[in-house]
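Protein chains in written order, with the numbering used here: chain A, 1 to 271; chain B, 1 to 105.
Where is the CB? At the ideal position from N, CA and C, for every residue including glycine.
Here it is, written out as structure tokens:
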């Protein structure tokens, strides 16, 4: 792996904004295209192999937490436990997650954390980065098929969604809003019916969660953490409602930093 | 003979009654102005109609009070919208943690 210095595109701010990245600059640099990383095919293959292995290890860690009821170690509130266990056993659909790895190009990659519940940086990785390559080195390859894979996964999950419909919600925030709008776009390209609204607009009618128009929400992608949902006012209704949530409740174990020592205990010799 | 031989309403026939219903229950509309319900609607960014939530981004409350006063002074008829006509649906039960921050990681 090599870090290669390069010149930013002359109109890079406009280019990234056209791709949806409206939050490219702030007090500290965020989007920075004055350098890129070049990987060998062997390094990419190794990163992919280790990522898939990590996925299996983290699933084993979830199983371990549930079997041994280690919820208090992860500060999981009692209200969330039935949700976690029911969703783990029912195996409801899951769309995605993001491992954060540290890799210096010499030693093996190290897991920093697993953003399994509300991962963002998606527009950057799936769209902006791809267009950057098209602009700067279109004949080069890139380990980046997020866009196609998201659409493929929506198609794979479509049968789980009543009436072929899934609704999207997030906080009324620029970055979160654009991220769910992008995900909504991929779901539509997969043939699903969709809508998108702020999470604050979700209602409870006494028996079901409803959307802004009063329609029952049967399947929802929420860019809003489970650890907050279970602690908020409507958290008491989560077990009563039949809404299918993506990501599923058991993912709150993986998005919890307390899963890292569990992984270390289960796999003490893992590099 | 100047008038039409036949007037068929399809889309308009559907829009008319619903538009009237919305007007009838919007507590900030001059003809159905309800001070307390309008203030609540402004604060909640919407109001309830036939058990369903109607999301609406309002101006500040004095704007609607002014419209109402002008309307009433001109002799406009006012039928006060009933308050809390949608008590069955509660909202705002999610989102309290995320004020002014984004949640992604």
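Since residue 177/A is in the beta strand (DSSP E), which residue starts that stretch and which ends it?
Following the DSSP letters along the chain, one finds residue 177/A in no beta strand (DSSP E) but inside the alpha helix (DSSP H) bounded by residues 174-189.
Please report the residue range of the alpha helix (DSSP H) in which residue 70/B lies.
61-73
Using a Cβ cut-off of 9 Å, which residues of the segment 178-206 of chain A contact any Cβ in chain B, in chain order?
179, 197, 198, 199, 200, 201, 202, 203, 204, 205, 206
Contact check, residue 263/A vs residue 102/A under 8 Å by CB: the rounded distance?
Not quite, the Cβ-Cβ distance comes to about 15 Å (not below 8 Å), so this is no contact.
DSSP three-state label for residue 100/A, please.
Strand at residue 100/A.
So, is the C-beta of residue 41/B closer than 8 Å to a C-beta in chain A?
no
Does residue 232/A have its Cβ less than 8 Å from a Cβ in chain B?
yes
Would DSSP call residue 270/A helix, strand or coil?
coil
When the Cα of residue 32/A is compared with those of 176/A, 124/A, 146/A, 165/A, which residue comes out closest?
The shortest Cα separation from residue 32/A among 176/A, 124/A, 146/A, 165/A belongs to 124/A.
Please report the straight-line C-alpha distance between residue 186/A and residue 147/A, rounded to a whole angstrom.
7 Å
Is it a yes or a no for the segment 239-257 of chain A touching the segment 90-110 of chain A, going by three-plus beta-carbon pairs under 8 Å?
With the cut-off at 8 Å, the segment 239-257 of chain A and the segment 90-110 of chain A touch.
Are the CB atoms of residue 190/A and residue 159/A nearer to each other than 8 Å?
no
Using only the alpha-carbon positions, how far apart do residue 281/A and residue 47/A sit?
The question about residue 281/A has no answer, for chain A in this structure spans 1 to 271.
Taking 8 Å as the threshold, find out whether the segment 207-224 of chain A comes into contact with the segment 167-182 of chain A through three or more Cβ pairs.
These segments touch.
Please list, in chain order, the residues of the segment 61-93 of chain B that have any C-beta partner in chain A closer than 7 Å.
88, 89, 90, 91, 92, 93
For residue 79/A versus residue 230/A, is the C-beta distance shorter than 8 Å?
yes
What span of residues does the alpha helix (DSSP H) with residue 135/A cover, start to end?
129-136
Whose C-beta lies closer than 8 Å to the C-beta of residue 258/A among residues of the same chain, with five residues either side of it excluded?
73, 74, 75
When DSSP labels each residue in this structure, what does residue 245/A get in the three-state scheme?
strand
If you compare alpha carbons, which of 132/A, 244/A, 193/A, 232/A is closest to residue 18/A?
132/A
Is residue 204/A helix, strand or coil when you go by DSSP?
Of the three classes helix, strand and coil, the one that applies to residue 204/A here is strand, per DSSP.
Report yes if the C-beta of residue 47/B is less than 7 Å from at least one heavy atom of the ligand FAD; otherwise report no.
Although the ligand FAD was asked about, the structure shown includes no ligands whatsoever.
Can you give me the C-alpha to C-alpha distance between residue 97/B and residue 55/B, rounded to a whole angstrom?
21 Å
Is it true that the CB of residue 120/A sits closer than 8 Å to the CB of residue 175/A?
Going by C-beta atoms, residue 175/A is nearer than 8 Å to residue 120/A.
Spatial neighbours of residue 155/A within its chain, please: C-beta separation below 6 Å, excluding the five flanking residues on both sides.
190
For a minimum of 3 consecutive residues, which ranges assigned as the beta strand (DSSP E) are wholly contained in the segment 32-68 of chain A?
35-38
For residue 16/A, is the classification buried or exposed, using 16 other Cβ atoms within 10 angstroms of its Cβ as the cut-off for buried?
buried
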